[in-house]
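Q: Quick one: this structure, given as structure tokens, is what I'll be asking you about.
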Amino acid sequence: MEAFSKAMNESDSRDIQERMEWLRSEIARHERLYRVNNAPEISDQAFDKLVRELADLEQDYPLFAHADSPTRKVGDDRSAGFLTVAHREPMQSLDNTYSRDELFQFDQRLRRLLDREALDYRVEPKIDGLAISLTYEDGVFIRAVTRGNGVEGDDVTANVRTIAAVPERLKGKDLPEQIEIRGEVYMGNEEFLRINAEREQAGKALYRNPRNLASGTLKLLDTAEVARRKLEIALYGIGHLQGAAFERQSDVHAALERWGLPVPSNAWSVTGIEATWEAIEALDELRATLPYPTDGAVIKLEDRAAQARAGSTSKAPRWAISYKFAAEQKETRLNTITIQVGRTGALTPVAELEPVLVAGSIVSRATLHNEDEIRRKDIREGDWVIIEKAGEVIPAVVRVLTDKRPPDSRAFDFAKRLETLGYEAERIEGQSAWRLKASDNPQRLQRQMEHFAGRQAMDIDGLGSEIIRQLIDRGLIRDLPDLYHLTQEQLLALDKFAEKSAANLAEAIEASRERDLWRLLHGLGIPHVGAQSAKDLARAFPDLDALAAAEASSLQAVDGIGPIMAESIHGWFEDEANQARLEALRKELRLKLPQPDSAAGDSDGPFAGKTLVVTGSLENFSRDEAKAAIEAAGGKVTGSVSSKTDFVVVGDSPGSKLAKAEKLGIQILDEAAFQAALEDKGKA
Ligand code: IVH
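Going by our numbering, the first residue of the sequence shown is number 12, and it counts up by one from there.
Right, dumping it as structure tokens:
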């Protein structure tokens, strides 16, 4: 933190607070992408770096630290559709490090704390799946729960039962009365490749990595589909324990094995940190040959009494740490640098690479983030570069092999390239991104339209990227409002467009004229404003004119809107081109305005003010669609049934929520009744 002087003036202090707020919101966003959407945008390593930076700032500026900071709690994987169950003992996360020095410091801290010369450790592979807790009572499998928020998680018992290796009964005689057994559900590499190959054939989107596929599978509501995909499990620890005791970590391991449970292959029991390091290196060597994905080693203190003495922070035990392996790296040639135009006009440089296989898939492009990144790494067209996919997600250029640089190579001039491409752009002071000045760039318009038409925005069914491209290419759409002037004849003339689909699209566009205000607010693409913030805004400012005129300070008073977002919204509405576009759109739309302080959905809708739970699989709605339909109808969706629930919507294989609803006397809607209620204009 040398960069920050401790004797802060006001603007430093504001910068730091803003940076911390940005870090908190970015971390929360990436947590959600990773745990809930199973679609991470950044590598684990990059994520860990954000957390580390926030933790460092919190240490240096404790006054600006929040009690609920992501550095102090484990993430949350709970999702709608599952019963929530409390863990008897919380499920913690692990501190992690990529550095040998920090690992040795971990050992030093523990030795000091426990007053010992050398400590015994157990080194296990860190399996890259998702954490699970299995409860057995007198040897009988009772339930399986995900980590959730660490205190309570999703009951995924039915899905875990599809895993052949999970015994209904434990073997042997020395069985505890009650035990929570902790471990990892994962997808083997081979099964991952098989499923992705199948999806590719079917033209479906591919899963990014085995972890996301495992997590997505475990959260499916269709148990038969879960059974078709081969999930696996390894158990490595215990939570709550009654009627048994273990002295050492390796005793736990041995008992789990004796009871007939699968444990991680290749674990080492060692004395001292040097031997620990050797075991970690041995594991790294083995890694490529292991049948499951591993991204590191977990180092645990053997002595369980000492574990208890070391205790834990609010997030992680002090007696264990994970050492993450560096990502696999490959060498390839960077052929050219292209410029991608985003919907906010941001211009992002992309490395077009000679295709190469990295961590299981072919990589041919990698984002270069921005001008500074290119300059910092001195990346040039024609260079040989090292690339990696940290966490097996987003490819990145790590560094240039300058020895192999062609003699005629020239530094990449970002501004000049923009000029050559005819982009009139500017780089705003203090920011790293260049932005287009003009709003009429076709690529940008393409991105804006895709966003505008998206499910979380104006929700225009059938208006996909390909159609949008044609509409723009043919000059039928020069700005968003033009969408509402398209004729059926124009649509019919598009490539591969039959009468029926033209009519459907025209109808979908028509229907989108009457959306809720928040959908437009999100669809406008105001930087930093996501769907949730748009809902918060619409609720606080049901009057669009009042919102447009609002000062940043009053925007910031809205729950969920921070200073950066407030500035961004204010700035957006001040821009004349934006004002004109909004005016033109408003002429076309008949927006539904929320009553102040009602839900963001339709306050006259059939489920206005009601709380619903959805369980089992519905024929005509995915889980997201059912949720969106309920919200649009003014209702709220929660994950678990309680006395506050008004309706439970029940599909096929509903599970325990139905029983609970019946017990509480809550009104049950089958799919037909649910659909009828949605179509009904009156209240349910
Ligand atoms: S022990 C209280 N051992 O890594 C400590 N965790 O980043 C509990 N993981 O939440 C964790 N392999 O989901 C442990 N051999 C292993 C593991 C392991 C994978 C996961 C686990 C944990 C996460 C922390």
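Backbone N, C-alpha and C fix where the C-beta goes; we use that ideal spot for every residue, glycine too. Small disclaimer: the values here were computed from a predicted structure and weren't measured.
Go ahead and pull the three-state DSSP assignment for Leu548.
A: helix
Q: From Asn200, Arg259, Val396 and Ile398, pick the residue whose C-alpha is nearest to that of Pro304; which is it?
A: Asn200
Q: Please report the straight-line C-alpha distance between Glu363 and Leu34, rounded to a whole angstrom.
A: If I take the Cα positions, the gap works out to 30 Å.
Q: Could you give the residue range of the beta strand (DSSP E) that holds Gln56?
A: Counting along the chain, no beta strand (DSSP E) covers Gln56; the unbroken alpha helix (DSSP H) around it starts and ends at Asp55 to Asp71.
Q: In this structure, what does DSSP give as the bridge partners for Ile27?
A: In DSSP, Ile27 forms no bridge with anything.
Q: Quick one: what does DSSP say His41 is sitting in, helix, strand or coil?
A: helix
Q: If Leu145 and Val177 are in contact, beta carbons under 8 Å, what's the gap, nearest whole angstrom?
A: 7 Å
Q: Quick one: is Leu74 buried, meaning 16 or more other Cβ sit within 10 Å of its Cβ, or exposed?
A: Around the Cβ of Leu74, a 10 Å sphere holds fewer than 16 other Cβ atoms; the residue is exposed.
Q: Tell me the rounded alpha-carbon separation between Lys692 and Glu630.
A: Bear in mind that the predicted position of Lys692 carries a pLDDT of just 45, short of 50, making it unreliable; the figure below should be weighed with that in mind. Cα-Cα distance, rounded: 22 Å.
Q: Would you mind giving the Cβ-Cβ distance between Arg315 and Gln260, rounded to the nearest angstrom? I have them listed as a contact below 8 Å.
A: In this structure, Arg315 and Gln260 form a Cβ contact; the two beta carbons are roughly 7 Å apart against a cut-off of 8 Å.
Q: Measure the beta-carbon distance from Val309 to Lys507 and round it to whole angstroms, keeping in mind my assumption that it falls under 8 Å.
A: 53 Å between Cβ atoms; not a contact.
Q: Is it the case that the CB of Glu195 approaches a heavy atom of ligand 1 more closely than 6 Å?
A: In this structure, Glu195 has its CB closer than 6 Å to one or more heavy atoms of ligand 1.
Q: Between Lys230 and ligand 1, is the CB less than 6 Å from at least one heavy atom?
A: no
Q: In terms of residue numbering, what span does the beta strand (DSSP E) encompassing Val309 cover?
A: Thr305 to Leu312
Q: Would you list the residues sitting across from Glu163 in a DSSP beta bridge?
A: Ala97
Q: Where does Val171 fall in DSSP's three states?
A: helix
Q: If you reduce the DSSP assignment to three classes, tell me which class Trp270 lands in.
A: coil
Q: Whole angstroms are fine: how far does the CA of Val162 sit from the CA of Leu484?
A: The sequence shown places Asp at residue 484, not Leu. Roughly 53 Å between the two C-alpha positions.
Q: Assess contact between the segment 340 to 355 and the segment 382 to 397, defined as three or more Cβ pairs (one per stretch) separated by less than 8 Å. Is contact present?
A: Result yes; three or more Cβ-Cβ pairs closer than 8 Å.
Q: Closer than 6 Å: is that where the CB of Ser104 sits relative to any heavy atom of ligand 1?
A: It does: the Cβ of Ser104 is within 6 Å (strictly closer) of some heavy atom of ligand 1.
Q: Following the continuous alpha helix (DSSP H) through Pro10, name the residue where it begins and the one where it ends.
A: Only positions 12 to 695 of the chain appear in this structure, which leaves residue 10 out of reach.
Q: Check Arg158 in the structure and name its three-state DSSP category.
A: The answer is coil: DSSP assigns Arg158 none of H, G, I, E or B.
Q: Is it true that the segment 224 to 234 meets the segment 622 to 639, where meeting means three or more beta-carbon pairs spaced less than 8 Å apart?
A: yes
Q: Quick check on this structure: which residue in Val47, Asp554, Pro553 and Ala640 has the alpha carbon closest to the alpha carbon of Glu722?
A: Nothing can be reported for residue 722: it is not among the residues displayed for the chain, which extend from 12 to 695.
Q: Would the beta-carbon of Lys137 be found less than 6 Å away from any heavy atom of ligand 1?
A: yes
Q: Tell me the rounded alpha-carbon separation between Leu61 and Val47.
A: 19 Å
Q: Considering only C-alpha positions, which residue in the set Ala519, Val352 and Phe423 is nearest to Ala436?
A: Val352
Q: Does the distance from the CB of Gly159 to the CB of Arg83 come in under 7 Å?
A: no
Q: With H, G and I counted as helix, E and B as strand and the rest as coil, what does DSSP make of Met198?
A: Residue state, collapsed to three classes: strand.
Q: Taking just the CA atoms, how far does Glu636 sit from Glu690?
A: 15 Å
Q: For Gly164, which of Gly92, Leu125 and Asn223 has the nearest alpha-carbon?
A: Among Gly92, Leu125 and Asn223, the Cα nearest to that of Gly164 is on Gly92.
Q: Buried or exposed: Glu268, going by 16 or more other Cβ atoms within 10 Å of its Cβ?
A: exposed
Q: Between Arg592 and the rest of its own chain, which residues show a CB-CB distance below 7 Å, the 5 nearest in sequence each way excluded?
A: Asp490, Leu491 and Pro492
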